[in-house]
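J.: When you line the sequence shown up against mature numbering (1 follows the signal peptide of the UniProt record, and there is no 0), it's residues -22 to -1, 1 to 79, in that order.
First the structure, then my questions, so here it is.
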Amino acid sequence: MDYRRMGLAAALSVVAAGAAQATEAQYECSGGTRLLAQFSPPGAPNGHVVLTFTGSDRKLRLPQAMSADGGRYVGDGIEFWIKGRGATLTRGDQRETCTSP
């Protein structure tokens, strides 16, 4: 039995199991908007969120922006700012508060 190979295989499986995974959450907003937010894995060099609005096939990718509190994503005149289970979705001059059930 080659214990070195077994040890290497075990170490590789632990590393693979610990790899960061992208996460997603459903949001319902005060103006009736419903969306799925798919977040890039934590620590990704180019953090982003992909928003998919219910009733639409359109996917919108917003890059992560500087934020002192929560996660902020901005692009194409849209801002999606999350903190805990809540979020704010701003499109132009329309702002909605959103929650993740």
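Glycine included, C-beta positions come from ideal geometry on N, C-alpha and C.
None of the values given here were measured: they were computed from a predicted structure.
1) Which partner residues does P41 have in the DSSP bridge list?
2) With DSSP collapsed to three states, give me the class of G64.
3) Apart from the five residues on each side of it in sequence, which residues of its chain come closer than 8 angstroms, Cβ to Cβ, to L64?
4) Return the chain-ordered list of same chain residues with a C-beta closer than 6 angstroms to the C-beta of G25, the five sequence neighbours on each side being excluded.
5) Between A15 and L29, which are expected to be in contact by the criterion C-beta below 8 angstroms, what is the C-beta distance as a whole number of angstroms?
6) Taking E2 as the reference, give the member of G53, V27, T68 and L67 with the closest Cα.
7) Name the DSSP bridge partner or partners of T75?
8) Verify whether the separation of the beta carbon atoms of G33 and G55 is less than 7 angstroms.
T.: On the basis of the data shown:
1) H26
2) strand
3) The displayed chain sequence assigns Gly, not Leu, to residue 64. T75, C76, T77 and S78.
4) S18 and Q42
5) 6 angstroms
6) V27
7) T66
8) Remark: C-beta atoms of G33 and G55 do not approach each other more closely than 7 angstroms.
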